[in-house]
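*Asks:* First residue of the sequence shown: 51, per the working numbering; consecutive thereafter. Where a beta carbon is used, it is the ideal one built from N, C-alpha and C, also for glycine. Quick caveat, the model's predicted, so the values are computed rather than measured.
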Amino acid sequence: MAKVYLSIGSNINKEVNINSGIQALADIYGKLEISSIYQSPAIGFNGNAFLNAVIAFYSQDDINTIKQQLKQIETRHGRQRQQPRFSPRPLDLDILLYDNVIADNIPRGEIVKYAFVLQPLAEIAGEQLHPQLKVSFQQLWAEFPSTEKNCQKINQFFD
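Below is the structure:
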């Protein structure tokens, strides 16, 4: 069984979509480990702030099967695939890590690029090493440029 880490984000009807997305993931994968919720500004476009978190679970499914399940969940939440990469999203789900596999865009490059991914990942997988960099996520967060630490932990709003 692989341990999978996902990022979840939304800036459209965000509380409802994050809650519903988490429930959809729990319906498929069972017990989830969920970071705190973080708010961050939209990046790459002018828009509402995003809510983000990192979710971990165990699965016997391969990476491609999980990617397909995530796309189905996003689509059910109104995700429009023809939108530009940087645009408002009702729900965005991305595989960050799949055990220690190094494969097509896994580990995801956004881990070391964006605070809204690294901070919640460091919160729930702090001692774990980045599969390529061989540095803990906690250490990566400690070394993350303070000028780029632009997300804020908010009160959790889900059950």
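Between SER85 and ILE161, is the Cβ-Cβ spacing less than 8 Å?
*Replies:* Residue mapping note: residue 85 aligns to position 35 of the sequence shown, counting from 1. Residue mapping note: residue 161 aligns to position 111 of the sequence shown, counting from 1. Taking 8 Å as the Cβ cut-off, SER85 and ILE161 do not qualify as a contacting pair.
*Asks:* Quick check on GLU83: does DSSP put it in helix, strand or coil?
*Replies:* Translated into the one-based positions of the sequence shown, residue 83 becomes position 33. Strand, per DSSP.
*Asks:* Going by other Cβ atoms of all chains shown within 10 Å of its Cβ, with 16 needed for buried, is GLN33 buried or exposed?
*Replies:* This structure cannot speak to residue 33, because the chain is shown only from 51 to 209.
*Asks:* Express the C-alpha separation of VAL54 and TYR108 in angstroms, rounding to a whole number.
*Replies:* As a working note, residue 108 is residue 58 in the sequence shown. As a working note, residue 54 is residue 4 in the sequence shown. Straight-line Cα distance between these residues: approximately 6 Å.
*Asks:* Let me check understanding here. Comparing Cα to Cα, which of LEU141, PHE194 and GLY97 lies closest to ASN67?
*Replies:* The count along the sequence shown starts at 1 and reaches residue 67 at position 17. The option with the nearest alpha carbon to ASN67 is LEU141.
*Asks:* What do you get for ILE123, buried or exposed, if any count of 16 or more other CB atoms within 10 angstroms of its CB means buried?
*Replies:* In the sequence shown, the residue the question calls residue 123 occupies position 73. So ILE123 counts as buried.
*Asks:* Whole angstroms is fine: what's the gap from GLN118's alpha carbon to GLY97's?
*Replies:* Indexing the sequence shown from 1 puts residue 118 at position 68. Indexing the sequence shown from 1 puts residue 97 at position 47. Their backbone Cα atoms lie some 27 Å apart in a straight line.
*Asks:* Roughly how many whole angstroms lie between the Cα atoms of ILE139 and LEU101?
*Replies:* Here residue 139 is taken as the residue at index 89 of the sequence shown, counted from 1. Here residue 101 is taken as the residue at index 51 of the sequence shown, counted from 1. According to the sequence displayed, residue 139 carries Arg and not Ile. Distance between the alpha carbons of ARG139 and LEU101 is about 11 Å.
*Asks:* Using DSSP with H/G/I as helix, E/B as strand and the rest coil, what is GLY159?
*Replies:* As a working mapping, residue 159 is identified with position 109 in the sequence shown. Coil.
*Asks:* Identify, in the order they occur along the chain, each residue of the same chain with its Cβ nearer than 6 Å to the Cβ of ASN150, setting aside the five sequence neighbours on each side.
*Replies:* By one-based count along the sequence shown, residue 150 stands at place 100. Same-chain partners within the cutoff: PRO181.
*Asks:* In or out: LYS203 buried (at least 16 other Cβ within 10 Å) or exposed?
*Replies:* Position 153 of the sequence shown, counted from the first residue, corresponds to residue 203. Classification of LYS203: exposed, given that the 10 Å Cβ count is below 16.
*Asks:* Tell me whether the beta-carbon of LEU82 lies closer than 8 Å to the beta-carbon of ALA74.
*Replies:* One-based indexing of the sequence shown puts residue 82 at position 32. One-based indexing of the sequence shown puts residue 74 at position 24. Their beta carbons are not under 8 Å apart, which means LEU82 does not touch ALA74 by this criterion.
*Asks:* Out of curiosity, what's the CA-to-CA distance linking ASP111 and THR125?
*Replies:* What you label residue 111 is simply residue 61 of the sequence shown in a count that begins at 1. What you label residue 125 is simply residue 75 of the sequence shown in a count that begins at 1. C-alpha separation (whole angstroms): 20 Å.
*Asks:* Report the rounded CA-to-CA distance for ARG131 versus ILE62, giving the unit in angstroms.
*Replies:* The residue labelled residue 131 in the question sits at position 81 within the sequence shown. The residue labelled residue 62 in the question sits at position 12 within the sequence shown. Each residue's Cα considered, the two are about 15 Å apart.
*Asks:* Please tell me whether LEU146 and LEU171 are closer than 8 Å, where the distance is taken between their beta carbons.
*Replies:* As a working note, residue 146 is residue 96 in the sequence shown. As a working note, residue 171 is residue 121 in the sequence shown. Their beta carbons are under 8 Å apart, which means LEU146 touches LEU171 by this criterion.
*Asks:* Could you work out which residue in PHE95, ILE105 and SER60 is closest to GLY128 when comparing CA atoms only?
*Replies:* As a working mapping, residue 128 is identified with position 78 in the sequence shown. Minimum Cα distance to GLY128 is reached at SER60.
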